[in-house]
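Numbering (UniProt numbering), first residue to last: 1 to 809.
Working notes for the structure below.
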Amino acid sequence: MENTEVKEEEIPGRRLIDFVFSWSVKDVLNENLYKNQVRKIPQTFTSTTEYKTSFCAPLVEETHADLLSSMSTLSLAPWRVILHFMPTKDFKPPNDLFYHVILKSLRKFETDDGKEFVTDDGRYEPEARDLIAITNVRPKCIADLETTNRSYLVAFVLKVKEDHYLRILSSKPILFEEDKNKRRETLYAIPLINMTTNIRIWRALNSKLEGGNFKHHSKRAATKICCPEFSSSDLNDSQKEAVLSCLVTRKCNHQNTVKLIWGPPGTGKTRTVGLLLFSLLRLRCRTLTCAPTNNAVLEVAQRLLKNVTESLEYGTYGLGDVILFGNGKRMKIVDRHDLLDVFLDNRVDILLECLVSSYGWKGSLVSMICLLEDPKQQYDLYLNDRSMIDNEEEKTEGISKNKETNRNQGKVIDQSFEDNKKSKKNLNKVIVQALNENKNKKKHKEMIPSHKENKLEDEDGSSQNKCENPLSFEEFVQRRFKRILKRLEYCSENLYTHLPTSFISLEVMKLLSLRNVNQPFLYNFLGLRHAILVGDERQLPAMVKSKVSEEAEFGRSLFQRLVLLGHKKDLLKVQHRMHPSISLFPNRMFYENQILDGPNVKERSYDRRFLQGNMYGSYSFINVAHGKEEFDKSHSLRNMIEVAVASEIVASLFKVIEFHNSLFFLLILPLLKNPVRTKKVKVGIISPYKAQVYAIEEKVKKYNADSNSDFSISVRSVDGFQGGEEDVIIMSTVRSNMNGVVGFLKNHQRTNVALTRARHCLWILGNEATLTKKFSIWKELVIDAKKRRCFYNADEDKELGSSYYSCLD
Numbered sequence: 001m002e003n004t005e006v007k008e009e010e011i012p013g014r015r016l017i018d019f020v021f022s023w024s025v026k027d028v029l030n031e032n033l034y035k036n037q038v039r040k041i042p043q044t045f046t047s048t049t050e051y052k053t054s055f056c057a058p059l060v061e062e063t064h065a066d067l068l069s070s071m072s073t074l075s076l077a078p079w080r081v082i083l084h085f086m087p088t089k090d091f092k093p094p095n096d097l098f099y100h101v102i103l104k105s106l107r108k109f110e111t112d113d114g115k116e117f118v119t120d121d122g123r124y125e126p127e128a129r130d131l132i133a134i135t136n137v138r139p140k141c142i143a144d145l146e147t148t149n150r151s152y153l154v155a156f157v158l159k160v161k162e163d164h165y166l167r168i169l170s171s172k173p174i175l176f177e178e179d180k181n182k183r184r185e186t187l188y189a190i191p192l193i194n195m196t197t198n199i200r201i202w203r204a205l206n207s208k209l210e211g212g213n214f215k216h217h218s219k220r221a222a223t224k225i226c227c228p229e230f231s232s233s234d235l236n237d238s239q240k241e242a243v244l245s246c247l248v249t250r251k252c253n254h255q256n257t258v259k260l261i262w263g264p265p266g267t268g269k270t271r272t273v274g275l276l277l278f279s280l281l282r283l284r285c286r287t288l289t290c291a292p293t294n295n296a297v298l299e300v301a302q303r304l305l306k307n308v309t310e311s312l313e314y315g316t317y318g319l320g321d322v323i324l325f326g327n328g329k330r331m332k333i334v335d336r337h338d339l340l341d342v343f344l345d346n347r348v349d350i351l352l353e354c355l356v357s358s359y360g361w362k363g364s365l366v367s368m369i370c371l372l373e374d375p376k377q378q379y380d381l382y383l384n385d386r387s388m389i390d391n392e393e394e395k396t397e398g399i400s401k402n403k404e405t406n407r408n409q410g411k412v413i414d415q416s417f418e419d420n421k422k423s424k425k426n427l428n429k430v431i432v433q434a435l436n437e438n439k440n441k442k443k444h445k446e447m448i449p450s451h452k453e454n455k456l457e458d459e460d461g462s463s464q465n466k467c468e469n470p471l472s473f474e475e476f477v478q479r480r481f482k483r484i485l486k487r488l489e490y491c492s493e494n495l496y497t498h499l500p501t502s503f504i505s506l507e508v509m510k511l512l513s514l515r516n517v518n519q520p521f522l523y524n525f526l527g528l529r530h531a532i533l534v535g536d537e538r539q540l541p542a543m544v545k546s547k548v549s550e551e552a553e554f555g556r557s558l559f560q561r562l563v564l565l566g567h568k569k570d571l572l573k574v575q576h577r578m579h580p581s582i583s584l585f586p587n588r589m590f591y592e593n594q595i596l597d598g599p600n601v602k603e604r605s606y607d608r609r610f611l612q613g614n615m616y617g618s619y620s621f622i623n624v625a626h627g628k629e630e631f632d633k634s635h636s637l638r639n640m641i642e643v644a645v646a647s648e649i650v651a652s653l654f655k656v657i658e659f660h661n662s663l664f665f666l667l668i669l670p671l672l673k674n675p676v677r678t679k680k681v682k683v684g685i686i687s688p689y690k691a692q693v694y695a696i697e698e699k700v701k702k703y704n705a706d707s708n709s710d711f712s713i714s715v716r717s718v719d720g721f722q723g724g725e726e727d728v729i730i731m732s733t734v735r736s737n738m739n740g741v742v743g744f745l746k747n748h749q750r751t752n753v754a755l756t757r758a759r760h761c762l763w764i765l766g767n768e769a770t771l772t773k774k775f776s777i778w779k780e781l782v783i784d785a786k787k788r789r790c791f792y793n794a795d796e797d798k799e800l801g802s803s804y805y806s807c808l809d
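Set out below in structure tokens:
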């Protein structure tokens with residue numbers, strides 16, 4: 001076990017961690033712990049210091065709220081047995097309580113389809129920056145964390161190796177009891193929260209970088225801007241205006257600028273950003289692009305990469321000017337083969353092989369020079385040791401097999417990327433095997449001939465390494481030349497794919513018959529002059545759990561702050577997602593009718609009917625009058641009547657798709673007049689409450705067994721669906737009470753997201769009486785649905801009514 005020194009200043013977010021360590025169980029459960037210490041964040045600031053300090057207290061409170069929230073579901077948390085722990089050499093009480101911890105290994109099994117699952121015997125898979133509780137019981141309630149013989153003990157995971165070796169910082173010394181037989185009591189590791197995001201924010205707020213410390217190293221670009229031409233199929237007019245207005249800011253070298261691109265739902269924010277980034281890339285403008293979620297980053301990267309690969313003139317030369325970096329596991333990068341060429345971790349692995357390996361670029365060049373300068377000497381070496389060329393062939397074959405490329409589609413499947421991960425997982429076995437082999441070597445050392453003895457054997461002709469059927473001189477030179485050339489071609493292709501274009505000019509690349517060298521934009525961002533924010537303050541901001549932090553407006557984004565200060569926005573005003581009957585209400589309520597429907601959604605073919613009956617048109621409110629809201633174990637609301645109704649609609653959709661793809665339907669299709677065939681449909685079911693999401697997921701999972709089938713279902717919370725879209729959206733509002741309490745639904749931003757996810761059909765399930773009891777956006781929606789004759793009662797549909805009433809019974 002390594003004893004790597006861990007210094008206090010090297011621990012990210014140490015002060016924030018110390019705040020968490022200072023809380024007792026009573027403190028964690030106190031919702032008002034920081035109520036009087038968090039003030040409202042102002043709209044404007046007099047200095048950078050004031051700006052940063054204004055966010056610190058709300059961030060501590062938000063971390064406290066995260067921990068409090070996790071406590072409510074403690075009995076459902078995974079766990080892991082601690083087999084062994086010991087202090088590191090940096091263990092210095094009372095504050096620096098560093099430990100090495102070994103967890104009991106997970107018992108993993110593989111299903112018939114190759115998927116891996118973990119048994120209930122310890123399901124916790126630790127990650128760096130996890131906050132864990134260490135306890136001698138598997139807690140069923142919060143009180144179990146602080147028993148009479150053990151105080152509340154939490155620890156911060158600093159490093160994870162092979163999912164069971166941890167290095168941690170503990171809030172208190174880890175103590176244990178032994179019985180008469182010297183057996184230690186069982187200790188458990190229980191995950192509470194992961195602090196990665198909060199630590200990142202904390203470090204940004206407490207960084208020592210100030211404006212005066214920034215140095216601008218890059219050369220000034222020419223003031224003249226040659227804006228790329230956009231065809232009508234690329235961007236609409238509002239998108240073009242937004243892109244061009246951003247490109248013009250590059251002329252302003254005398255001042256910093258901030259541009260806002262306002263993108264309501266369905267107006268093509270990702271498309272616009274992709275074209276903007278591509279334009280900036282062609283103008284040689286170094287650009288850093290960030291997004292709040294991994295999925296958003298991947299979507300933008302995919303859009304940009306598509307534009308880049310279509311414009312490349314010399315193979316993949318220029319592809320390296322784009323670099324994607326992040327947590328590969330969370331991003332599921334191995335499932336995105338088209339992005340592997342620009343993913344940092346993959347790029348580093350390939351460049352290491354090309355630049356460091358003895359069979360890489362330098363080693364292969366040396367080999368080629370030796371062959372060309374003195375082929376006779378190389379042939380003599382070959383005659384004395386045939387394994388020389390055999391090893392080369394084996395390595396060359398391995399290199400060629402490691403990488404399977406399809407450059408025409410911009411895809412790279414790098415098998416070594418996964419192999420490297422697997423080899424790291426097997427590190428323990430390799431070490432043990434190496435130690436055993438070393439012991440065996442020492443035991444039989446006298447039996448192994450030395451290098452000198454082998455050399456002597458070669459000289460007197462008794463060596464078995466000598467060739468029995470050697471190649472002729474001409475055959476040897478040709479064969480060795482081809483092998484070395486193959487390695488050089490492999491390295492050159494990867495070098496011009498993964499290195500900056502500034503490393504190898506186009507002229508040199510052509511001269512050497514290379515295709516690409518690239519320029520990552522990860523460095524020298526200090527000198528940053530212009531910022532472009534793309535978003536929509538009328539959709540959901542970042543999630544804030546603490547009511548105290550919410551009242552302090554901790555969740556208010558920079559985009560929203562600038563809008564409140566009157567900053568001009570470039571509006572993307574044409575939406576290409578929603579059928580006009582779906583976009584009508586949110587456009588009027590949230591965007592003052594500024595958004596236009598694109599020509600594609602106005603076409604007759606966009607009006608798709610998946611089920612028979614007026615209730616299942618493009619837009620409808622389905623009244624579920626006798627529903628009942630209730631709390632589940634995690635204190636979240638659900639409505640099982642609406643669950644039954646949603647499930648019945650899904651079942652009907654599934655039957656239609658199944659029938660339309662059946663052999664019988666295909667046979668009678670020519671006999672039908674004006675046949676309407678629905679081949680595929682993607683259904684999204686959303687709700688503001690997690691308990692409702694879980695209940696619906698359980699009910700409809702049988703219809704979603706095959707992700708590649710013609711019928712797919714995605715069940716998520718409204719917040720989790722932001723940025724997503726499906727053919728059909730079924731929304732379950734859940735609320736059904738006599739007082740007209742609508743809870744989460746009164747939030748206009750959440751309502752806006754919920755109503756703008758559907759492409760062709762939006763069906764809203766709700767209790768009319770509850771939603772119209774008090775004045776709210778939902779009362780407006782129900783009134784609007786009635787005026788447009790889009791209001792229906794669930795029992796009006798025969799099959800739906802049958803399921804509806806059976807559930808009531």
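All C-beta atoms in this analysis are idealised placements derived from N, C-alpha and C, irrespective of residue type, glycine included.
Distances from the alpha-carbon of residue 299 to those of 268, 38, 651, 79 put 268 closest. For residue 712, the enclosing beta strand (DSSP E) has its first and last residue at 711–717.
DSSP places residue 758 in the uninterrupted beta strand (DSSP E) bounded by 758–766.
Here DSSP, grouped into helix, strand and coil, assigns residue 681 to strand. DSSP places residue 34 in the coil class of the three-state scheme, outside both helix and strand. Between the C-alpha atoms of residue 305 and residue 724 there is a straight-line separation of about 21 Å. Around the beta carbon of residue 66, 16 or more other beta carbons lie within 10 angstroms, which makes this residue buried. By alpha-carbon distance to residue 737, the top candidate from 624, 258, 591, 592 is 624. Between the alpha carbons of residue 92 and residue 750 lies a distance of about 49 Å. The beta carbon of residue 72 is closer than 8 Å to those of 634, 635 in its chain, skipping five residues each way along the sequence. Linking residue 379 to residue 358 through their CA atoms gives a straight-line distance of about 20 Å. At least 7 Å separates the beta-carbon of residue 619 from that of residue 781. Distance between residue 667 and residue 679, taken at the CA atoms: about 15 Å. Less than 7 Å divides the Cβ of residue 135 from the Cβ of residue 188. Boundaries for residue 333: no alpha helix (DSSP H) harbours it, and the DSSP string shows neither H nor E there. Proximity to residue 529 across 138, 718, 257 peaks at 257, based on C-alpha coordinates. Non-local C-beta neighbours of residue 241 in its own chain, meaning closer than 8 Å and more than five positions away in sequence, comprise 570, ordered along the chain.
Counted as a single uninterrupted DSSP element, the stretch harbouring residue 177 is not any alpha helix (DSSP H), since DSSP gives it neither H nor E. Its Cα nearest to that of residue 295, the residue 326 stands out among 281, 326, 286. Secondary structure note for residue 379: its alpha helix (DSSP H) is the uninterrupted segment 375–384. The beta carbons of residue 133 and residue 192 sit closer together than 7 Å. Spatial neighbours of residue 16 in its own chain (CB-CB distance under 8 Å, excluding positions within 5 residues in sequence) are listed in chain order as 59, 60, 63, 195, 198, 199, 202. Rounded to whole angstroms, the separation of the alpha carbons of residue 139 and residue 577 is 47 Å.
A Cβ-Cβ contact shorter than 7 Å links residue 731 with residue 764. Taking the Cα positions, residue 637 is about 9 Å away from residue 688. Annotation for residue 726: no alpha helix (DSSP H) segment contains it, though the beta strand (DSSP E) segment containing it runs 726–732. Judged by their CB atoms, residue 711 and residue 659 are not nearer to each other than the 7 Å cut-off. Each residue's CA atom was taken as its position, placing residue 698 and residue 632 some 14 Å apart.
Under the three-state reduction of DSSP output, residue 742 falls in the coil class, being neither helix nor strand. Ranked by Cα distance from residue 651, the options 703, 642, 727 are led by 703. Boundaries of the alpha helix (DSSP H) harbouring residue 274: 269–282, taken from the DSSP string. Under the criterion of beta carbons closer than 8 Å, residue 265 and residue 756 qualify as touching, at roughly 4 Å. Of the residues assessed, residue 356 falls on the exposed side of the cut-off, its CB having fewer than 16 other CB atoms within 10 angstroms. Cβ-Cβ separation between residue 25 and residue 131: approximately 14 Å, too far for a contact (criterion under 8 Å). By the Cβ criterion, the region 589–598 is not in contact with the region 270–290, since fewer than three pairs of Cβ atoms, one from each stretch, lie closer than 8 Å. In the three-state reduction of the DSSP assignment, residue 262 falls in the strand class.
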